[in-house]
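Protein chains in written order, with the working numbering: chain A, 68 to 213; chain B, 2 to 176.
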């Protein structure tokens, strides 16, 4: 009896701890999206007040308007460069790729440099209306309150 | 002889957890779960034809020029003041005859220059939206005694019906 009491308690095995942590790690690596697509144009987002969140990220399409390294203003739709007159066809194609019930959720995030002139944005808006792709979000950052 | 029989010492797995933790914390810090925010807009349907005219007293004309200067109903004004001008127009508390007789008749008409900066345009649009949100919030408080976010579908529809946000955008002018 005495002998038993003197014996050391066995150490708690920590061998499975790395496995648990690795599982967490893999979970985070899979869940977080690092970058959806490569943005090749440079832009600074404009400011706004009382902004709404972009709800369904997976349903989201992105249109970027900004300047390239050499300063030329370029439009990028999702992953590729595009001309204004190609937007209409591309948007109709995107719209048709949605399931019938999801068509209403199709949203386009416009990420446009704040120094871009409205002329080009107006042309893009007109093309979107012609393609009947009318739900858009002007992505912006919150204006600093004074 | 005795030595050879002894099994090799176990590799300590205790520090593995630390390494994995380090990786985990790195990923937690490095990945940003960024949520895009912005001004949500539904563009009007494409319509190629003569524009329908609305009664002049129901329309608030906002023009923004190539230097991002604002003109509301023919008077120069500032972007910061727009948040007060819109409720004064839409709700028409003073009962002016050149303002809409009922809030649901009010139309905000905006026209920009081709050289207006996108920054000013988005800011202006967000101010219009936010002043409508504020008006709806006040209406919901006085009508249902609840905040906008607590309304059920039917009540929210009612608020939207009473205070619809009608924004019309004219073709941009060139200067």
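Backbone N, C-alpha and C fix where the C-beta goes; we use that ideal spot for every residue, glycine too.
Take the Cβ of residue i as the centre, count every other Cβ of all protein chains shown within 10 Å, and call the residue buried at 16 or more, exposed below.
i: residue 36(B); result: exposed
i: residue 194(A); result: buried
i: residue 96(B); result: exposed
i: residue 113(B); result: buried
i: residue 213(A); result: Per-residue confidence for residue 213(A) stands at a pLDDT of 48, beneath the threshold of 50, marking its modelled position as unreliable; no derived number is given.
i: residue 45(B); result: exposed
i: residue 30(B); result: exposed
i: residue 60(B); result: buried
i: residue 135(A); result: exposed
i: residue 192(A); result: buried
i: residue 71(B); result: buried
i: residue 150(A); result: exposed
i: residue 185(A); result: buried
i: residue 211(A); result: exposed
i: residue 93(A); result: exposed
i: residue 155(B); result: exposed
i: residue 1(B); result: Absent from the model: residue 1(B). The displayed extent of chain B is 2 to 176, so no value can be given.
i: residue 39(B); result: buried
i: residue 160(B); result: buried
i: residue 10(B); result: exposed
i: residue 87(B); result: buried
i: residue 1(B); result: Because residue 1(B) is not part of the residues shown, which for chain B are 2 to 176, the question remains open.
i: residue 87(A); result: exposed
i: residue 100(B); result: buried
i: residue 164(B); result: buried
Bridge partners of residue i, per DSSP?
i: residue 114(B); result: 174(B)
i: residue 39(B); result: 119(A), 206(A)
i: residue 141(A); result: 133(A)
i: residue 166(A); result: DSSP lists no partner for residue 166(A).
i: residue 59(B); result: Paired residues: none, contrary to the question.
i: residue 176(A); result: 129(A), 204(A)
i: residue 197(A); result: Bridge partners of residue 197(A): none, in fact.
i: residue 169(B); result: 110(B)
i: residue 103(B); result: Paired residue(s): none; residue 103(B) is not in a bridge.
i: residue 109(A); result: 134(A)
i: residue 65(B); result: 71(B), 113(B)
i: residue 77(B); result: 72(B)
i: residue 184(A); result: 118(B)
i: residue 228(A); result: The first residue shown for chain A is 68 and the last is 213, placing residue 228(A) beyond what the model contains.
i: residue 85(B); result: Partner(s): none; residue 85(B) has no beta bridge.
i: residue 114(A); result: 208(A)
Between the options, which lies nearest to residue i when the distance is taken from Cα to Cα?
i: residue 110(A); options: 172(A), 203(A), 143(A), 181(A); result: 181(A)
i: residue 204(A); options: 70(B), 174(B), 41(B); result: 41(B)
i: residue 173(A); options: 131(A), 146(A), 158(A), 137(A); result: 158(A)
i: residue 146(A); options: 90(A), 196(A), 211(A), 127(A); result: 127(A)
i: residue 58(B); options: 109(B), 156(B), 136(B); result: 109(B)
i: residue 104(B); options: 162(B), 111(B), 173(B); result: 162(B)
i: residue 207(A); options: 79(A), 117(A), 198(A); result: 117(A)
i: residue 116(B); options: 92(B), 38(B), 84(B), 172(B); result: 172(B)
i: residue 176(A); options: 160(A), 130(A), 187(A), 140(A); result: 130(A)
i: residue 158(B); options: 55(B), 86(B), 137(B), 175(B); result: 137(B)
i: residue 98(B); options: 160(B), 56(B), 76(B); result: 56(B)
i: residue 201(A); options: 132(A), 96(A), 120(A), 162(A); result: 162(A)
i: residue 92(B); options: 140(B), 155(B), 43(B), 28(B); result: 140(B)
i: residue 78(B); options: 107(B), 125(B), 43(B); result: 125(B)
i: residue 198(A); options: 160(A), 189(A), 166(A); result: 160(A)
i: residue 225(A); options: 87(B), 84(B), 76(B), 47(B); result: Residue 225(A) lies beyond the range of chain A shown here (68 to 213); nothing can be said about it.
i: residue 106(A); options: 87(A), 209(A), 77(A), 142(A); result: 142(A)
i: residue 121(A); options: 95(A), 90(A), 168(A), 178(A); result: 178(A)
i: residue 139(A); options: 190(A), 108(A), 79(A); result: 108(A)
i: residue 152(A); options: 171(A), 166(A), 189(A), 82(A); result: 189(A)
Along chain C, which residues have their Cβ under 7 Å away from the Cβ of residue i?
i: residue 41(B); result: As a matter of chain content, chain C is missing from the structure shown, whose protein chains are A and B.
May I ask whether a heavy atom of the ligand FMN can be found less than 6 Å away from the beta carbon of residue i?
i: residue 57(B); result: The model on display carries no ligand, and the ligand FMN is accordingly not part of it.
Would the region 65-73 of chain B and the region 112-122 of chain B be scored as touching if the rule is three or more Cβ pairs under 8 Å? yes
Using a Cβ-Cβ cut-off of less than 7 Å, list which residues of the region 148-170 of chain B approach chain A; keep chain order. none
Check each residue of the region 191-202 of chain A: if its Cβ is closer than 9 Å to any Cβ of chain B, include it; give the result in chain order. 192, 193, 195, 196, 197, 198, 199, 200, 201, 202
Using a beta-carbon distance cut-off of less than 7 Å, what residues from the region 60-94 of chain B approach chain A? none
For the structure I just gave you, are there three or more beta carbon pairs, one from the region 158-172 of chain B and one from the region 126-138 of chain B, closer than 8 Å? yes
Name the residues in the region 92-118 of chain B whose C-beta lies less than 8 Å from a C-beta of chain A; which are they? 113, 114, 115, 116, 117, 118
Do the region 19-34 of chain B and the region 145-156 of chain B make contact, defined as three or more Cβ pairs closer than 8 Å? no
Output, in sequence order along the chain, the residues in the region 175-186 of chain A whose CB is closer than 9 Å to any CB in chain B. 176, 177, 178, 179, 180, 181, 182, 183, 184, 185, 186
Output, in sequence order along the chain, the residues in the region 87-98 of chain A whose CB is closer than 7 Å to any CB in chain B. 88, 89, 91, 92, 95, 96
Identify each residue in the region 131-148 of chain A for which the Cβ-Cβ distance to at least one residue of chain B is less than 9 Å, and report them in chain order. 132
What residues from the region 158-176 of chain A come within 9 Å of chain B, judged by C-beta to C-beta, listed N to C? 174, 176
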